[in-house]
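What follows is a set of notes on a single structure, which appears directly below.
Numbering (the working numbering), first residue to last: 2 to 274.
Pasting the structure below:
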């Protein structure tokens with residue numbers, strides 16, 4: 002199976018390091034990816050890279066930030082067999098389906114960071130990909146050591162992650178603090194974001210176990226910090242609109258009030274340059 006990876010950041014670099022003969026679509030040439038992973042081990046992988054994808058591939062993994070998706074997709078000049086986007090949020094799915102014939106809803110749970118060009122660190126005790134279709138892609142990932150399952154409900158795939166992500170991203174960014182500090186000083190806001198986002202998820206067709214997510218957040222490492230909070234601290238563009246903004250828009254469509262989500266989104270926006 003011919004595979005390409007668009008965006009060699011934390012997630013894309015991890016994929017390129019473990020998927021056999023993956024072609025990396027990158028603005029800058031890459032010859033090697035070094036992965037340091039608590040789950041997959043440490044390895045150095047020689048890779049091929051190209052600035053623009055103009056050859057046929059069976060699977061294209063899209064692993065850009067939401068803020069860079071539109072520009073990145075301009076460098077895809079072929080029609081992949083299936084596109085597997087692993088971005089935060091959910092509004093990118095219909096957007097990509099306007100451009101590609103087969104786009105599967107998919108999410109990844111992992112903490113992976115590009116600490117230097119071609120150097121990826123994966124530090125989380127969890128790693129899992131969910132797809133709404135294409136069991137052959139799940140098999141490819143499992144064979145490479147990445148746990149992957151097919152869940153035949155797109156809303157379930159996307160919102161199961163988003164309920165948790167929205168709570169962590171908004172609170173750690175708005176309060177400029179890791180999850181342990183948020184739990185100690187802003188617990189009500191944290192749990193209210195979970196409840197509000199879960200209500201929107203239910204209207205979208207997903208079943209979310211709120212007590213289970215609350216328990217996960219209680220057990221999360223106290224130094225856990227969302228990628229959005231790290232981006233904010235570094236002055237990089239934020240995925241605020243793709244995460245919190247998307248929840249607000251979905252809530253409005255269904256007539257569901259999300260006051261805590263709205264307040265935190267506005268607090269973060271007020272700090273943007």
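Note that beta-carbon positions come from the ideal geometry of N, C-alpha and C, so glycine has one too.
None of these values were measured; they are calculated from a predicted model.
Which class does residue 52 belong to by DSSP, given the choice of helix, strand or coil?
Three-state result, residue 52: coil.
If we call anything under 8 Å between Cβ atoms a contact, is residue 73 one with residue 79?
The Cβ atoms of residue 73 and residue 79 do not sit closer than 8 Å to each other.
If I follow the unbroken beta strand (DSSP E) through residue 63, where does it start and stop?
Counting along the chain, the beta strand (DSSP E) containing residue 63 begins and ends at 60-63.
So, under 8 Å CB-CB, residue 25 and residue 6 are touching, yes? Tell me the CB distance rounded to an integer number of Å.
Indeed they touch by this definition, with Cβ atoms about 5 Å apart.
State the DSSP-derived secondary structure class of residue 12, mapped to helix, strand or coil.
Look at residue 12 here: in three-state DSSP terms it is helix.
With respect to 7 Å, is the separation between the Cβ of residue 54 and the closest non-hydrogen atom of the ligand NAP below this value?
No copy of the ligand NAP occurs in the structure displayed, which carries no ligand at all.
Closer than 7 Å by C-beta to residue 101: which residues in its own chain qualify, once you throw out the five before and the five after it? Chain order, please.
Spatial neighbours of residue 101 in its own chain (CB-CB distance under 7 Å, excluding positions within 5 residues in sequence) are listed in chain order as 80, 81, 84.
Just tell me which of 246, 183, 204 has its CA closest to the CA of residue 220.
Comparing Cα positions, the closest option is 183.
Let's see if you can read the secondary structure: which residues bound the beta strand (DSSP E) around residue 149?
Taken as a continuous stretch (DSSP letters only), the beta strand (DSSP E) holding residue 149 covers 149-151.
Go through its chain and collect everything with a Cβ distance to residue 204's Cβ below 7 Å, but skip five positions before and after it.
By the criterion of a C-beta distance shorter than 7 Å, residue 204 is surrounded in its chain by 255, 257, once the five residues flanking it on both sides are discounted.
Where the alpha helix (DSSP H) containing residue 253 begins and where it ends
Segment 247-255, the alpha helix (DSSP H) holding residue 253.
Going by DSSP, what residues sit across from residue 86 in a beta bridge?
DSSP output for residue 86 lists 63 as bridge partner(s).
When we look at the beta-carbon of residue 117 and count the other beta-carbons within 10 Å, is it buried (16 or more) or exposed?
It is exposed - the Cβ of residue 117 has fewer than 16 other Cβ atoms within 10 Å.
Ordered along the chain, which non-local residues of its own chain (more than five positions away) have a Cβ less than 8 Å from that of residue 98?
Apart from the 5 residues on each side of it in sequence, residue 98 sits with its Cβ closer than 8 Å to the Cβ of 104 in its chain, given in chain order.
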